[in-house]
Each structure stands twice: as structure tokens, then as C-alpha cells.
Amino acid sequence: MWCLDAPIQPYAWGSRSSLAMLQGRPAPTDQPEAELWMGAHPRAPSRLRDGRGTSLLEAIEARPEAMLGPAVCRRFGARLPFLLKVLAAAEPLSLQAHPDATRARAGWEREEAAGIDRDAPDRNYRDPWPKPELVCALGPFSALCGFAPVERSRAWIERLAVPTLRELAEPLWSEPVGDGLAATVRALLTMPEPAAVVDAVVEACRREHEREAGLTWPMRLGESYPGDPGVLVALLLRQVELRAGEALFLGPGRLHCYLQGTAVEIMGSSDNVLRGGLTRKHVDVPELLSVLHRGTEAVEVVRPRAVSATEGVYDTPTPEFSLSSLELPAAGRSSIAITGPELLLCVEGEARVHGEGEPLILRSGHAVFVPGSAASYELRAAAGARVFRATVGER
């Protein structure tokens, strides 16, 4: 087992206080701190505190069966199939969706054959892997996720009374639900010179949001991203407010935008993001539309299912990962038998991880990697602790 040094991504939308406070550092920080990455993704692998600063990626490549265990190697090859993050959003993220396994592989092979550099800003598929996600709130967390019922979107569009918006959204009235949503998204994101329409919609939201609270976020998005047509697509999406401990699972093609808050996020170890707006990064509307999930079914809020006196698991259908939360009281202990590699992330208090060798101290905002060759370990918390446990999925 090893404590990890995890890199922080300084994206512009990040908080200047959330990650620092989680780790007990002074706040505010000089620059935004958006994501804390724990894992072996080639773009930003964690490093082992082994005296040499070995990256977790290099350690897995050198000894895959010892680090991952033979069963995980058979299922996923010599790679850790999940990536664990703490996401700290002070401003909204981009409007985006992620491909399934088939589309990720096909897109990656297509861009490889075209000779597009893997770090090129206009690259869509940086690896051949899918990117299912589970985001678990550490406090109040706001998101747009999935399409809202068409009746609500129609009502909002009519309330705003912006003629060009109504014309662009005509497929919501004239076509079947799924086709109408896709056609409307296409029309909104590809119209020429969108700034005037976006400005008119934002002004209408400003006029109406006190009577229709749901229009507040489109208004705020317009203030953060003036002239961006992604603001208009926000009118079509469900608004979700999570409380601490609640989670959202995002399968392939689910259009979403994280708005504000701090959360633990686990995902397939991939960096494949297809963006449609609300960003200064690369946008590829046709590719986004090619993966888009067109249903309007309700987004399920996932809550932990108790599996022991101290542990609750967040059930998801994905084979790449599983996430659970352990609540250890003062003088609490939890003994865990493992079947593959694990990442332990402390978000409150302090715990000790007892296994082979000297026990490791797990402090808030820090992580420990447990190799798949370990048989078991025990968590102990003298004054109480909350720890997230990331493992490979069972399916």
C-alpha cells in the first residue's frame, strides 16, 4: 500500500477554496483548483510516496498482476479501469456528453488514422475507452442532467417569448420526442451568429426568473458565457440539486453540465469529452449529436445502500468501477477483504490503514492505493473519519 501525491488541475472554473480547505491548506489559493485526480490516467497519474515518486501508471505497467491482481488484468488488461476525482466547481463546466465503448474505440481509431496528435486541442477521442461517471456530492451540488419533459421545455420557451428561439425549437412541437430534441439541439448549437438570440433569451430569463425559478440557471449561464448557444440548450435539460451524500450516475450520451459545488467523482479512466458549448475549449456539435441519448426519463438520485454497519455502496451498472462510503465513528474500525485494486480517499477526519507493513495515515483530501495483490486491510479512526472506497465493478 502507498500514500499518493495526486495532481490538481487548475481549470478556470475551479474553486480557490474547496480543495484547499479539504486538505487543510490556506485559502483562497492563487489560482483556481478544479479537480484532484487519483489514478493512473496517462494525462495526470498520481505518484506513489515510495521515496522515488514513481507514477502509479509506471508501477502498474512494470508489475500489472501485482498491482491490479490477475482477475482485473484478465478483464481490463494492464490498466486501472477507473479514475477517482474530487471536483470543485465555482463556475459551470461545459455542456458535454461521453461516448460508449463502441463509439470511443471507433472514434479513437479514426483520429489515430487521421494523424491527429493526442494532445491536440481539437482532438475528441484521446483514448479508446468509455467514460461512465458517478458524481457524489460533498455538499450542495447543482447540475443539469438529461432532457426534461418536452412539455416543460415548451412552456419555458413560450414564457420567454423570444420569436427566434420559438422558431429554432419548432421540432419540439412538430416531431416525435427524441427526434425533436435532437433536431432542436442541432438547430440551437449550429445557428449562425447566436449572440443576439442568446442575449434576448438571457434578458427574458432575467425578467421571468422570479416567477419561474428554473430560469435562474439559464440566466446565470448567459452571464458566465455571453453569446454562447449552450445557454439555450440549458432550457431543455433537467435541473438537479444534490445534497451531501447523494449521487448521480451518468451513462453514455447523457447530456449534462455541472454547475456548482464540490463532489467526489468516479469514472471510467478516460478523457473522452464531447462538448457542445459553455466552454472556450474545442466544440464538436456533430460528434456530440452522434452519441446523444434522446430520452426524457427522470434522472435517478443514487443513495448509498448499506452493506455493513459502516459502509454504503452506490449501485451502478458499470463494470469499470464501484464506489462506496465508509463512516467510521470515534475509535471505529472496518476490516475489508479485497479482490482487486482500491483507492481510499478521506474527506473528513483522519484514518489509519493497516495492512502489510507499517500502517499508513490517511488524512482529509488525500488518498491511499491498495494493490490487487493485497488480501485485506483494516481502517481505524481514533476520532472518526469519512472515507470513500473506489474499486473495480463486479459486472
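Numbering of the sequence shown is given in my numbering, commencing with residue 370 and proceeding in unit increments. We put the CB at the ideal spot given by N, CA and C, even for glycine.
Please report the straight-line C-alpha distance between W542 and E581, rounded to a whole angstrom. Along the sequence shown, read from residue 1 onward, the residue named residue 542 stands at position 173. Along the sequence shown, read from residue 1 onward, the residue named residue 581 stands at position 212. Approximately 22 Å, taken between the alpha carbons.
Taking the straight line between their C-alpha atoms, what separation do you get for A613 and P439? To locate residue 613, count along the sequence shown from 1; it is residue 244. To locate residue 439, count along the sequence shown from 1; it is residue 70. Rounded to the nearest angstrom, the two C-alpha atoms are 36 Å apart.
Contiguous beta strand (DSSP E) assignments of at least 3 residues, all confined to the segment 435-489: 451-458, 464-466
Just the Cα atoms here: how many angstroms apart are R758 and S639? For the purposes of this step, residue 758 is taken as residue 389 along the sequence shown, with counting starting at 1. For the purposes of this step, residue 639 is taken as residue 270 along the sequence shown, with counting starting at 1. Taking the straight line joining both Cα atoms gives about 19 Å.
Under 8 Å Cβ to Cβ from D684, same chain only, skipping five residues before and after it: list those, please. What you label residue 684 is simply residue 315 of the sequence shown in a count that begins at 1. Closer than 8 Å at Cβ, skipping near neighbours: V671, R674.
Three or more beta-carbon pairs under 8 Å between the segment 613-633 and the segment 453-468, yes or no? yes
Segment contact, 8 Å Cβ cut-off, at least three pairs: the segment 521-539 with the segment 570-580: yes
Terminal residues of the alpha helix (DSSP H) in which T553 lies: Start at 1 with the first residue of the sequence shown, and residue 553 comes out as number 184. 546-559 is the span of the alpha helix (DSSP H), which, as asked, contains T553.
Does the segment 541-558 come close enough to the segment 692-703 that 3 or more CB-CB pairs lie under 8 Å? no
Less than 8 Å between the C-beta atoms of M407 and L453, yes or no? To locate residue 407, count along the sequence shown from 1; it is residue 38. To locate residue 453, count along the sequence shown from 1; it is residue 84. The answer is yes: Cβ separation under 8 Å.
Between which residues of its own chain and G476 is the CB-CB distance below 7 Å, once the five residues before and five after are set aside? Position 107 of the sequence shown, counted from the start, is the residue given in the question as residue 476. Excluding positions up to five away in sequence, the list reads P468, N493, Y494.
Hey, quick one: how far does the alpha helix (DSSP H) through R528 stretch, first residue to last? Walking along the sequence shown from the start, residue 528 turns up at place 159. 519-529 is the extent of the alpha helix (DSSP H) around R528.
Which same chain residues, not among the five before or five after A744, have their C-beta less than 6 Å away from its C-beta? Residue 744 sits at position 375 when you count from the first residue of the sequence shown. Here the set comprises nothing.
Identify whether G591 lies in helix, strand or coil by the three-state DSSP scheme. On the sequence shown, residue 591 is found 222 positions in, with the first residue counted as 1. Residue state, collapsed to three classes: helix.
Kindly confirm or deny that the segment 472-492 and the segment 375-392 touch, where touching means at least three C-beta pairs closer than 8 Å. no
Stretch pair the segment 585-595 + the segment 409-425: three plus CB contacts closer than 8 Å: no
Taking the runs of the alpha helix (DSSP H) that are 4 residues or longer, which of them lie wholly in the segment 588-654? 599-602
Exposure label - S677; buried when at least 16 CB within 10 Å: Walking along the sequence shown from the start, residue 677 turns up at place 308. Label assigned to S677: exposed.
Can you tell which of A482, L503, M370, P433 has its C-alpha closest to the C-alpha of F618? The count along the sequence shown starts at 1 and reaches residue 618 at position 249. Looking at the Cα atoms, L503 is the closest of the given residues.
Take A538 and list the residues in its own chain whose beta-carbon comes closer than 6 Å to its own, dropping the five residues that flank it on each side. Along the sequence shown, one-based indexing puts residue 538 at 169. So the qualifying residues of the chain are I526, T553.
Does the segment 442-453 come close enough to the segment 596-606 to have 3 or more Cβ pairs within less than 8 Å? no
Would the beta-carbon of G724 fall within 8 Å of that of M436? Against the sequence shown, residue 724 aligns to sequence position 355. Against the sequence shown, residue 436 aligns to sequence position 67. Going by C-beta atoms, G724 is not nearer than 8 Å to M436.
For D491, count neighbouring C-beta atoms within 10 Å of its own C-beta (all shown protein chains included) and say buried if the count is 16 or more, exposed if not. Position 122 of the sequence shown holds residue 491. Result: exposed.
Can you name the start and end residues of the alpha helix (DSSP H) that R495 belongs to? Taking the first residue of the sequence shown as position 1, residue 495 is located at position 126. Neither: R495 is in no alpha helix (DSSP H) and is coded neither H nor E.
Measure the C-alpha to C-alpha separation of D399 and A458 and round it to an integer number of angstroms. One-based indexing of the sequence shown puts residue 399 at position 30. One-based indexing of the sequence shown puts residue 458 at position 89. Each residue's Cα considered, the two are about 16 Å apart.
In or out: E727 buried (at least 16 other Cβ within 10 Å) or exposed? Locating residue 727 in the sequence shown gives position 358, counting from the first residue. Label assigned to E727: exposed.
Measuring CB to CB, does S733 end up less than 8 Å from E719? Counting from one through the sequence shown, the residue named residue 733 turns up at place 364. Counting from one through the sequence shown, the residue named residue 719 turns up at place 350. Yes, they are a contact pair.
So L714 and V722 are in contact, right, with Cβ under 8 Å, and what is the actual spacing, rounded? The residue labelled residue 714 in the question sits at position 345 within the sequence shown. The residue labelled residue 722 in the question sits at position 353 within the sequence shown. Between V722 and L714 the Cβ distance is about 12 Å, and since that is not below 8 Å, they are no contact.
Could you tell me the boundaries of the beta strand (DSSP E) in which E719 lies? Here residue 719 corresponds to residue number 350 of the sequence shown, with the count starting at 1. From DSSP, the beta strand (DSSP E) with E719 extends over 711-723.
With T760 as the anchor, note down where its beta strand (DSSP E) starts and where it stops. Locating residue 760 in the sequence shown gives position 391, counting from the first residue. Taken as a continuous stretch (DSSP letters only), the beta strand (DSSP E) holding T760 covers 754-760.
N-terminal and C-terminal residue of the beta strand (DSSP E) that W542 is part of: Within the sequence shown, the letter at position 173 stands for residue 542. Per DSSP, W542 belongs to no beta strand (DSSP E); it is in the alpha helix (DSSP H), 540-543.
Taking G709 as the reference, which of F690, V716, E717, D374 has the closest Cα? Walking along the sequence shown from the start, residue 709 turns up at place 340. Checked all of F690, V716, E717, D374; the closest Cα to G709 is F690.
Let me know the alpha helix (DSSP H) ranges lying completely inside the segment 372-403, each 4 residues or longer, listed in chain order. 387-392
Taking all protein chains shown into account, do 16 or more other C-beta atoms lie within 10 angstroms of the C-beta of K500, making it buried, or fewer, making it exposed? On the sequence shown, position 131 is the one that residue 500 refers to. The residue in question, K500, is buried, as its Cβ has 16 or more Cβ neighbours within 10 Å.
Contact check, G645 vs V654 under 8 Å by CB: the rounded distance? Indexing the sequence shown from 1 puts residue 645 at position 276. Indexing the sequence shown from 1 puts residue 654 at position 285. Right, their Cβ atoms sit about 6 Å apart.
Between R642 and A752, what straight-line distance do the alpha-carbon atoms span, to the nearest angstrom? One-based indexing of the sequence shown puts residue 642 at position 273. One-based indexing of the sequence shown puts residue 752 at position 383. It is Val, not Arg, that sits at residue 642 in the sequence shown. Computed Cα separation, rounded: 40 Å.
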